[in-house]
Amino acid sequence: MKVLVYHKIHDKTQFEKQIKFLKRSYNIIDPTCLEDHLCHGKSLPENSLMITFDDGDSTLYKNAFPVLKRENIPAIIFVITNLIGTNEPFWWDELEYLLGEEEGNNKVWEVKTWPNKKRVQYLQELRSKSNKEQYKYPQLSIQELKEMQHANILIANHTHTHPMLDKCEEDELEEELFNSTEKLKERNFNYQYFAYPNGNYSERAEKKLVQHGIKYSFLFDHKINTGKLNPLRISRLKVNDNTPIWKLKFILSGWHSRVLPVTRTLGKLRR
Ligand SMILES: [Zn+2]
Numbered sequence: 316m317k318v319l320v321y322h323k324i325h326d327k328t329q330f331e332k333q334i335k336f337l338k339r340s341y342n343i344i345d346p347t348c349l350e351d352h353l354c355h356g357k358s359l360p361e362n363s364l365m366i367t368f369d370d371g372d373s374t375l376y377k378n379a380f381p382v383l384k385r386e387n388i389p390a391i392i393f394v395i396t397n398l399i400g401t402n403e404p405f406w407w408d409e410l411e412y413l414l415g416e417e418e419g420n421n422k423v424w425e426v427k428t429w430p431n432k433k434r435v436q437y438l439q440e441l442r443s444k445s446n447k448e449q450y451k452y453p454q455l456s457i458q459e460l461k462e463m464q465h466a467n468i469l470i471a472n473h474t475h476t477h478p479m480l481d482k483c484e485e486d487e488l489e490e491e492l493f494n495s496t497e498k499l500k501e502r503n504f505n506y507q508y509f510a511y512p513n514g515n516y517s518e519r520a521e522k523k524l525v526q527h528g529i530k531y532s533f534l535f536d537h538k539i540n541t542g543k544l545n546p547l548r549i550s551r552l553k554v555n556d557n558t559p560i561w562k563l564k565f566i567l568s569g570w571h572s573r574v575l576p577v578t579r580t581l582g583k584l585r586r
């Protein structure tokens, strides 16, 4: 089984082309089909594919949802529960805004490797020192999420504040998972499907997920699932709305993830 992961969708036309191509070439399955396979031993259809979106960006309602609805395509949107219905930006976008694009972009990568408490503190300090106006970004509302939920889109768990789970201490892990599952339960969304922020998996985090009743979790490893599927470590392939169809085919073939480490190494050697 192959699982795609998107983030923002800006280009509706290109996204529609991709969806039409995927619909022609694959059996796009919904979570029930995955559960039938994992829990009841039913085999997955040939060429099965799942479509997922991380972070719950507001462009999804505007640009992805109309296409998915028209084409009757099931999907999963993993949301950051603390942001639902607010004007709060994603923390990495805010960091980029506060530092300026170039420095900010590099800093985001660095900060992701820090202990989570240090990251939170750093952002608070940046915010309080900055003379810039507070950065606002409209997030999806509960109503928009509900509307999508009614059209066969599962609204699922991407933590409460999007920390790197492998950089969290025990109390932070507990808080993240307690809050996100509670918020999702309250609103009748799905808390049992989970995607690791940034794909940062850890065994300790996995144990915590299980304690909080999470049954299916998704990585961000740019790999195809082969062999027996582990419901707590489902691989996903990264794609964008502007990925051309030829490249999408290449990614789906599995070759892209094999060639990628080589081209990255070559790139480093050249620099
Ligand atoms: Zn994310």
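According to the working numbering, the sequence shown is numbered sequentially starting from 316.
Even glycine gets a Cβ: it sits at the ideal position worked out from N, Cα and C.
Can asparagine 431 and cysteine 483 be called in contact, C-beta distance under 8 Å? Start at 1 with the first residue of the sequence shown, and residue 431 comes out as number 116. Start at 1 with the first residue of the sequence shown, and residue 483 comes out as number 168. In this structure, cysteine 483 lies closer than 8 Å to asparagine 431 by Cβ.
Should asparagine 308 be listed as close to ligand 1, given that the test is whether its C-beta is under 7 Å from any heavy atom? Lying before the first or after the last residue shown, residue 308 is absent from the chain, which here runs from 316 to 586.
Work out the CA separation of glutamate 411 and glutamate 425 for me, nearest whole Å. For the purposes of this step, residue 425 is taken as residue 110 along the sequence shown, with counting starting at 1. For the purposes of this step, residue 411 is taken as residue 96 along the sequence shown, with counting starting at 1. Glutamate 425 and glutamate 411: Cα-Cα distance of roughly 12 Å.
From Glu521, Ala510, His477, pick the residue whose C-alpha is nearest to that of asparagine 534; which is it? As a first step, residue 534 is located in the sequence shown; it is residue number 219 there, counting from the start. Reading off the sequence, residue 534 comes out as leucine, not asparagine. Here the closest residue by C-alpha is Ala510.
Consider the C-beta atom of histidine 475 and the heavy atoms of ligand 1; say whether any pair is separated by less than 7 Å. As a first step, residue 475 must be located in the sequence shown, where it is residue number 160. Flag unset: Cβ of histidine 475 not near ligand 1.
Spatial neighbours of phenylalanine 393 within its chain, please: C-beta separation below 8 Å, excluding the five flanking residues on both sides. Here the question's residue 393 lines up with position 78 in the sequence shown. Once the five neighbours on either side are set aside, the close Cβ partners of phenylalanine 393 are Thr367, Phe368, Asp369, Asp370, Gly371, Ala471, Asn472, His473, Tyr508, Phe509, Ala510, Phe533.
Spatial neighbours of glutamine 329 within its chain, please: C-beta separation below 7 Å, excluding the five flanking residues on both sides. If you number the sequence shown from 1, residue 329 lands on position 14. Once the five neighbours on either side are set aside, the close Cβ partners of glutamine 329 are Asp556, Asn557.
For the segment 337-347 and the segment 374-390, state whether three or more C-beta atom pairs, one from each stretch, are separated by less than 8 Å. yes
Using three-state DSSP, classify aspartate 372 as helix, strand or coil. Your numbering for residue 372 matches position 57 in the sequence shown. Of the three classes helix, strand and coil, the one that applies to aspartate 372 here is coil, per DSSP.
Can you find the residues in the same chain that come closer than 6 Å, C-beta to C-beta, to aspartate 481, ignoring five residues on each side of it along the sequence? Numbered from its first residue, the sequence shown carries residue 481 at position 166. Asn515, Ser517.
What residue range does the alpha helix (DSSP H) around lysine 529 cover? Taking the first residue of the sequence shown as position 1, residue 529 is located at position 214. According to the sequence provided, residue 529 is isoleucine. The question's lysine does not apply to it. It is not in any alpha helix (DSSP H) - isoleucine 529 carries neither H nor E in the DSSP assignment.
Return the CA-CA distance between isoleucine 343 and asparagine 420, expressed in angstroms with no decimal places. Taking the sequence shown and counting its residues from 1, one reaches residue 343 at position 28. Taking the sequence shown and counting its residues from 1, one reaches residue 420 at position 105. Rounded to whole angstroms, isoleucine 343 to asparagine 420 spans 34 Å at the Cα level.
Give every residue of the same chain whose Cβ lies closer than 8 Å to the Cβ of leucine 524, excluding the five residues on either side of it in the sequence, and list them in chain order. Mapped onto the sequence shown, residue 524 falls at position 209. Once the five neighbours on either side are set aside, the close Cβ partners of leucine 524 are Leu492, Phe509, Ser532, Leu547.
Boundaries (first-last residue) of the alpha helix (DSSP H) holding leucine 460: Numbered from 1 along the sequence shown, position 145 holds the residue referred to as residue 460. 457-465 is the extent of the alpha helix (DSSP H) around leucine 460.
What is the DSSP secondary structure of lysine 564, counted as helix, strand or coil? Mapped onto the sequence shown, residue 564 falls at position 249. Helix, per DSSP.
When you compare only the Cα positions, how much space is there between histidine 322 and lysine 451? Walking along the sequence shown from the start, residue 322 turns up at place 7. Walking along the sequence shown from the start, residue 451 turns up at place 136. About 19 Å.
Isoleucine 549 - partner residues in DSSP beta bridges: In the sequence shown, residue 549 corresponds to position 234, counting from 1. Answer is Phe533, bridged to isoleucine 549.
Buried or exposed for glutamate 485, going by 16 or more other Cβ atoms inside 10 Å? Taking the sequence shown and counting its residues from 1, the one referred to as residue 485 is at position 170. Glutamate 485 should be labelled exposed.
State the DSSP-derived secondary structure class of glutamine 329, mapped to helix, strand or coil. In the sequence shown, residue 329 corresponds to position 14, counting from 1. Note: glutamine 329 maps to helix in three-state DSSP.
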